[in-house]
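Engineer:
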Amino acid sequence: MSTIAADVKDHTHDDHGPAKGYRRWLFATNHKDIGTMYLIFSFVMFLIGGLMALVIRSELAIPGLQFVHPEFFNQMTTMHALIMVFGAVMPAFVGLANWMIPMMIGAPDMALPRMNNWSFWILPVAFGILLSTLFMPGGAPASGWTMYPPLVLQTGDAFPFLIFSVHLMGISSIMGAINIIVTIMNMRTPEMSLLRMPIFVWTWLITAYLLIAVMPVLAGAVTMLLTDQFFGTSFFLAAGGGDPVMFQHIFWFFGHPEVYIMILPAFGVVSEIIPTFARKPLFGRDSMIYAASCIAFLSFIVWAHHMFTVGMPLSGQLFFMFATMLIAIPTGVKVFNWVATMWRGAMTFETPMLFALAFVFLFTIGGFSGLMLAITPADIQYHDSYFVVAHFHYVLVPGSIFAIMAGAYYWLPKWTGFMYNEALGKLHFWLSTIFVNLTFFPMHFLGLAGMPRRIPDYATQFADFNFIASIGAFGFGLSQLIFIWVLLTAKRGVPATDAVWDDPEGLEWTVPSPAPFHTFDTPPKLPAPKFG
Amino acid sequence: MLQKTVLCMIGLTLAGVAHASWGLNMPQGVTELSKETYDLHMKVFWVCVAIGVVVFGVMIYSIFAHRKSRGVTPATFSHSTTAEIIWTAVPVVILLALAVPTAKTLVRLEDSRDPDLTIVATGYQWKWHYQYQDEDLGFYSSLSRPSLEARRKQSGIDPFSVDNYLLDVDNPVVVPVGKKVRLLLTSNDVLHAWWVPDLAIKKDAIPGMINETWFKAEQVGTYRGQCAELCGKDHGYMPIVVEVVDEDAYQAWVDTRKADAPQLAAN
C-alpha cells in the first residue's frame, strides 16, 4: 500500500506524452485522443450512412424499379437512419464534447477517463454488429429505425443483433452522458459558476441529462421486443392481449427527447461561433440557457405528436398539439437571440461562421415545417409523407450536421495547430448548402402532393421533384469529399495562433495551438468578461 | 414590349405553378373537412412566411450592413428586456390565434357519429379488404394488373405508359356522394395506414384494434391514395382508390356486386 501511495505522490504528467502505436488509441484515456476517435468514427459512419442514402436516391431518381428490390430498399432506409442518428450525429457531438468541455471549463481531462475509453470502444463493436446484419439470412432490419412491432418481429436472423446493437449504443451514450455531467459538475475551475459556463457546455449538460433519462427507456422498449420474439411474452402482440401502440408511446417517449439530444449541442456550437465572428457578446445569454432548459422539459411531454394517426382520444390529441406548439416559443427566442447577436456586430465570414449562419437560416425553415406539423388536422395529411422527411432532414442535415461542420472548422486550428485551407472550406460550404437545399426542399412539395415516405417506387406525377432531389443528394455527397481533403491537408496551412480567431472568448483559446496533450494541470484563472 | 413579355412569362409561370398536375401544394380535396384542413395548412404556412420575411429580412440586412469590411465598430449590448419580452409575447399571441381554429376543426374531425354507411377496411400484407357492414358485401382490393407488371425490377415497361401507375386497384371502394361514410380500420398482420389526400383522411390500421374515422365526399370522382405506414416489402404497392358516385349509381353497383358474389365464390 505504502509503495503505491508513494508512487502516486511522485507521479506527475510532465514526463510522458501519449503512448506509442496502437496502445495510444486502444487504451486511450486522454480526452483529446478519445475526442479525436469519436470524431473520426462519426465521420466514417456519416460516409457509410451517406452511401446508403445514395442507394435510396438512385432507386428513387426515376419511376420504376431499376437497381434494388423493395426488401433491400427498406433495409437501406432503416440502416441509413440508425447509422446517421446513433453513429454519425450523436458520436460527433460526444467527440466535440470530449475535446472541448474540459478545455472550456479549465479541467485537466474528463472526470472518468477509463469509462470514457469504454464508451467510445463500445461504439465500433455496436456498429460492427449492426452492419454485419446486412450479410445475414433475411438481410438487415427493414422495419424503419422506429422498429414498430409487429413488422419488426418479421425481421430475419438480424433481429437479435439489431436489439443487441441498440443496447450497446444506449450503454455507450449513457456512459458518455454520465461522464459529461460528472465532469461539468465537479471539474470546473473554481471561479466558474454555473451561469458563467460557456453556452456549449450548458447545452451539453442539458443534453446529457436527456440522454440519461431516455436511453434506458429505449433499452426497455427493445428488450420487450426481444422477449415478445423469443420468450413468449405479448407486450406488443394483440393476439396475446398486448398493444402494438404501446411500443410507439414508449419509443417516442425516448424518440422526442432524442431529437433534442441531436439539436441542443448544435445550438451550443452555433452560440459559440456567432459571437466570435460578430465580435459581439451573445445576446440574451441567460435566456438562451433558460430556453434550452424549456425545450428540454417540453421534449418530455410532446411525444405523441408523432402518433396523431394512431387513434388517440380527442383530449390526448389536443394536449399534444398545444404542448407541441409551445416549443415554438423557446425555439423562437433562440433564433431571435442569434439574429440580435449579429445585429450591429462587425461580422466576418470565415467557414465556421458561414456554416453557423446557414444553420440559423435552414434550421429555422425546419422549425417552420415543425410548427406546421403541430397543427393536428394538417399533420394528419403531412404524417408519414415526404413533407415529414423534408422537415426532419432540414433540422438534422443543415441543422445538426452543419453545426458539427461549423464546430469542426471552428476548433480545427486549435486541434491541429494549423489553419485549414479557407478557400476549400468555403467551397465545401457553398456546395453543401446549394445541394442540401436541392435535395430536401423539393421533398416538401412531394409530401404535400401525396407521396408517402419509405416507398421504393412512386406514381409518375412525383417524377420531376424526385429527380431533382436525387441530383441534389449526389451533389451533397460529392461535396463532402472536399471536407476529407480539407482534413487531410489540415496541417499544411500556416501555424495558428493561440487565439486562432479575432479575440474569441473562452478558456480554450488561452492554451497553445495545437492544444498540448495535457491542459490545465492546475485550475486556471478565469479572464474577466470582455463585456460588462 | 419587353415589360409585356416578362409579365406574360411570369403569368404563365404562375399559371403553371397553380396547375394541379405540378403537385406543389396540398390538394384542397372534396370534403368540407379537407377544405378546412387545407385552409389551416395555408394559414400556418403564411404565418411562417410572414415570420420568415421579418427574421430573415433582419438577418440578411445585418449580414450586409454589419460587416467588418465596411469598417463598423461592433456594438457591445448583450441584452434588452423589452425586446425579449416582445419576442416571447408575440409568438404566444400568434400561437393562440392558430390553436383556436385548429382545435375546432379537430373536434369535428373526431365526430364520427350518425354515419349513413359503415365500411370496415382491413389491412393485409399487401392489400386491403373492404366490408360494407349494412350490405353484407365484401371484397379484396389490390394493385391492378398493369401496374403490377410494370413495377417489377427492370420490367422494361415505362411507368409513364401505365395509367395511374401504382395508384390503381382491381376493386375500388365505391361510396355515394354527399353521404357520411364511417370507416372502421383494423389489420390482419402488421400496421398499415389508410390515406387518401383528397378526403384528408389518414388513420392507422392496427391488428387487434379498431380505429374510426369518417368522410363525406361532396363531389363525384375517383380519388387515389396509398398505404402510409411501412408494412414490409410491398408497402409501396397497396394503393387505395375511392370512387364517389351518385346515389343511383351506388345502388346499382351494390346490386351487381351482390349478384356477382355467389358466382365469384363458385369460381
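Protein chains in written order, with this note's numbering: chain H, 579 to 1110; chain R, 588 to 854. Built from N, CA and C at the ideal position, the CB exists for glycine as well.
(1) Check each residue of the stretch 665–693 of chain R: if its Cβ is closer than 8 Å to any Cβ of chain H, include it; give the result in chain order.
(2) What residue does the beta strand (DSSP E) around E830(R) start on, and which one ends it?
(3) Return the chain-ordered list of same chain residues with a C-beta closer than 6 Å to the C-beta of V913(H), the five sequence neighbours on each side being excluded.
(4) Under 8 Å between C-beta atoms, does A662(R) make it to chain H?
(5) Tell me the DSSP secondary structure of V586(H) in three-state form.
(6) How would you call E928(H), buried or exposed, if buried means at least 16 neighbouring beta carbons within 10 angstroms?
(7) Where does H779(R) fall in DSSP's three states?
(8) Using beta carbons (cut-off 8 Å, strictly below), is F632(R) in contact with chain H?
(9) 8 Å is my cut-off, CB to CB: does D962(H) come that close to chain R?
(10) Taking F980(H) as the reference, which of V847(H), I612(H), Q826(H), F814(H) has the closest Cα?
(11) Which same chain residues end up closer than 7 Å to E834(R) when comparing Cβ atoms and leaving out the 5 residues on each side of it in sequence?
(12) Name the chain H residues whose beta carbon is nearer than 8 Å to that of V707(R)?
(13) I want to see whether chain H comes within less than 8 Å of E736(R), judged by CB atoms only; does it?
(14) Under 8 Å Cβ-Cβ, which residues of chain H neighbour L771(R)?
(15) Quickly, what does DSSP pair V792(H) with across the bridge? List them, please.
(16) At the level of alpha carbons, what is the spacing between K587(H) and S871(H)?
(17) Are the stretch 849–863 of chain H and the stretch 797–808 of chain H touching, with three or more C-beta to C-beta distances below 8 Å?
(18) Go ahead and pull the three-state DSSP assignment for M925(H).
(19) Mind checking who K789(R) pairs with in its DSSP beta bridge?
(20) Alpha carbon to alpha carbon, how far is A630(R) from M903(H)?
(21) Using C-beta distances below 6 Å, list every residue in its chain close to T584(R), excluding the 5 sequence neighbours before and after it, in chain order.
(22) From the DSSP output, which residues share a beta bridge with K714(R)?
(23) Using the C-alpha atoms, what's the distance from D721(R) back to N798(R)?
(24) Check whether chain R comes within 8 Å of M630(H), counting only Cβ atoms and requiring the distance to be less than that.
(25) Short of 7 Å Cβ to Cβ, which residues in the stretch 881–892 of chain H face chain R?
(26) Taking F705(H) as part of the beta strand (DSSP E), name the residues at either end of that continuous run.
(27) Counting only Cβ pairs nearer than 8 Å, list the residues of chain H close to R732(R).
(28) Say whether chain R places a C-beta atom closer than 8 Å to the C-beta of A1106(H).
(29) Within 10 Å of its beta-carbon, does D1076(H) have 16 or more other beta-carbons around it, so buried, or fewer, so exposed?
(30) Does any C-beta atom of chain H lie closer than 8 Å to the C-beta of R739(R)?
(31) Checking 8 Å against the spacing of the C-beta atoms, do G1025(H) and A1106(H) come in under that value?
(32) Please state whether the Cβ-Cβ distance between G1003(H) and V1064(H) is less than 8 Å.
(33) Residue range of the beta strand (DSSP E) that W801(R) falls in?
(34) Excluding sequence positions up to five away, which residues of its chain have a Cβ less than 6 Å from the Cβ of V828(R)?
(35) Starting from L724(R), trace the beta strand (DSSP E) both ways and give me its first and last residue.
(36) Can you give the Cα-Cα distance for G944(H) and F1019(H), rounded to whole angstroms?
Structural biologist: In short, the structure shows the following:
(1) Result list: S665, H666, S667, A670, E671, W674, T675, P678, V679, L682, L685, A686, T689, A690, T692, L693.
(2) Working through the second sequence from its first residue, we reach residue 830(R) at position 243. Unbroken beta strand (DSSP E) run through E830(R): 826–832.
(3) Translated into the one-based positions of the first sequence, residue 913(H) becomes position 335. In chain order, T942 place their CB closer than 6 Å to the CB of V913(H), counting only its own chain and leaving out the 5 sequence neighbours on each side.
(4) If you number the second sequence from 1, residue 662(R) lands on position 75. By this cut-off, A662(R) is an interface position.
(5) Walking along the first sequence from the start, residue 586(H) turns up at place 8. Only weak support exists for where V586(H) lies, its pLDDT of 48 falling under 50; the coordinates are left without a value.
(6) Counted from its first residue, the first sequence places residue 928(H) at position 350. Label assigned to E928(H): buried.
(7) Locating residue 779(R) in the second sequence gives position 192, where the first residue counts as 1. In the structure shown, H779(R) sits in a strand (DSSP, three-state: E or B).
(8) Along the second sequence, one-based indexing puts residue 632(R) at 45. Answer yes: the Cβ-Cβ gap between F632(R) and chain H drops below 8 Å somewhere.
(9) Along the first sequence, read from residue 1 onward, the residue named residue 962(H) stands at position 384. Against chain R, the CB of D962(H) has a partner CB under 8 Å away; the residue lies at that interface.
(10) Taking the first residue of the first sequence as position 1, residue 980(H) is located at position 402. Measuring from the Cα of F980(H), the nearest candidate turns out to be V847(H).
(11) Indexing the second sequence from 1 puts residue 834(R) at position 247. Short of 7 Å from the beta carbon of E834(R), and not among the five residues preceding or following it, lie these beta carbons of its own chain, in chain order: P763.
(12) What you label residue 707(R) is simply residue 120 of the second sequence in a count that begins at 1. Those within 8 Å of V707(R) in chain H number zero; the least Cβ separation is about 14 Å.
(13) Here residue 736(R) is taken as the residue at index 149 of the second sequence, counted from 1. For E736(R), the answer is no, since every Cβ of chain H falls outside 8 Å of its Cβ.
(14) Position 184 of the second sequence, counted from the start, is the residue given in the question as residue 771(R). The contacting residues do not exist; L771(R) stays about 11 Å from chain H at best.
(15) Here residue 792(H) is taken as the residue at index 214 of the first sequence, counted from 1. None; V792(H) has no bridge partner.
(16) Taking the first residue of the first sequence as position 1, residue 587(H) is located at position 9. Taking the first residue of the first sequence as position 1, residue 871(H) is located at position 293. Only weak support exists for where K587(H) lies, its pLDDT of 48 falling under 50; the value from the coordinates is given anyway. When the Cα atoms are used, K587(H) and S871(H) turn out to be separated by approximately 42 Å.
(17) Between the stretch 849–863 of chain H and the stretch 797–808 of chain H there are fewer than three inter-stretch CB-CB distances shorter than 8 Å, so the stretches are not counted as touching.
(18) Numbered from its first residue, the first sequence carries residue 925(H) at position 347. Three-state DSSP puts M925(H) in a strand.
(19) Counting from one through the second sequence, the residue named residue 789(R) turns up at place 202. K789(R) is bridged to W782(R).
(20) Residue mapping note: residue 630(R) aligns to position 43 of the second sequence, counting from 1. Residue mapping note: residue 903(H) aligns to position 325 of the first sequence, counting from 1. Reading off the sequence shown, one finds Lys at residue 630(R), where the question assumed Ala. C-alpha separation (whole angstroms): 15 Å.
(21) Nothing in the structure corresponds to residue 584(R), since chain R is present only between 588 and 854.
(22) Within the second sequence, the letter at position 127 stands for residue 714(R). Residue pairing by DSSP places K714(R) opposite Y711(R) in a beta bridge.
(23) Counted from its first residue, the second sequence places residue 798(R) at position 211. Counted from its first residue, the second sequence places residue 721(R) at position 134. Distance between the alpha carbons of N798(R) and D721(R): 18 Å.
(24) Here residue 630(H) refers to the residue found at position 52 when the first sequence is read from its first residue. Cβ-Cβ to chain R under 8 Å: no for M630(H).
(25) Along the stretch 881–892 of chain H, the positions whose C-beta sits under 7 Å from a C-beta of chain R are T887, V888, G889, L892, read in chain order.
(26) To locate residue 705(H), count along the first sequence from 1; it is residue 127. Segment 691–710 is the alpha helix (DSSP H) holding F705(H); no beta strand (DSSP E) there.
(27) Here residue 732(R) corresponds to residue number 145 of the second sequence, with the count starting at 1. Within chain H, no residue comes near R732(R); the closest Cβ sits about 16 Å away, beyond 8 Å.
(28) Counting from one through the first sequence, the residue named residue 1106(H) turns up at place 528. Taking Cβ atoms only, chain R never reaches closer than 8 Å to A1106(H), which makes this a no.
(29) For this step, residue 1076(H) is matched to residue 498 along the first sequence. By the neighbour-count rule (16 or more Cβ atoms within 10 Å), D1076(H) is not buried but exposed.
(30) As a first step, residue 739(R) is located in the second sequence; it is residue number 152 there, counting from the start. Interface residue, yes.
(31) On the first sequence, position 447 is the one that residue 1025(H) refers to. On the first sequence, position 528 is the one that residue 1106(H) refers to. No. Outside cutoff.
(32) Numbered from 1 along the first sequence, position 425 holds the residue referred to as residue 1003(H). Numbered from 1 along the first sequence, position 486 holds the residue referred to as residue 1064(H). Result yes, Cβ atoms of G1003(H) and V1064(H) sit closer than 8 Å.
(33) The residue labelled residue 801(R) in the question sits at position 214 within the second sequence. Note, W801(R): beta strand (DSSP E), 798–802.
(34) Looking up residue 828(R) in the second sequence gives position 241. Only V756, P759, R811 meet the Cβ criterion.
(35) Against the second sequence, residue 724(R) aligns to sequence position 137. Membership of L724(R) in the beta strand (DSSP E) is indicated by the continuous run 724–728.
(36) For this step, residue 944(H) is matched to residue 366 along the first sequence. For this step, residue 1019(H) is matched to residue 441 along the first sequence. Approximately 10 Å, taken between the alpha carbons.
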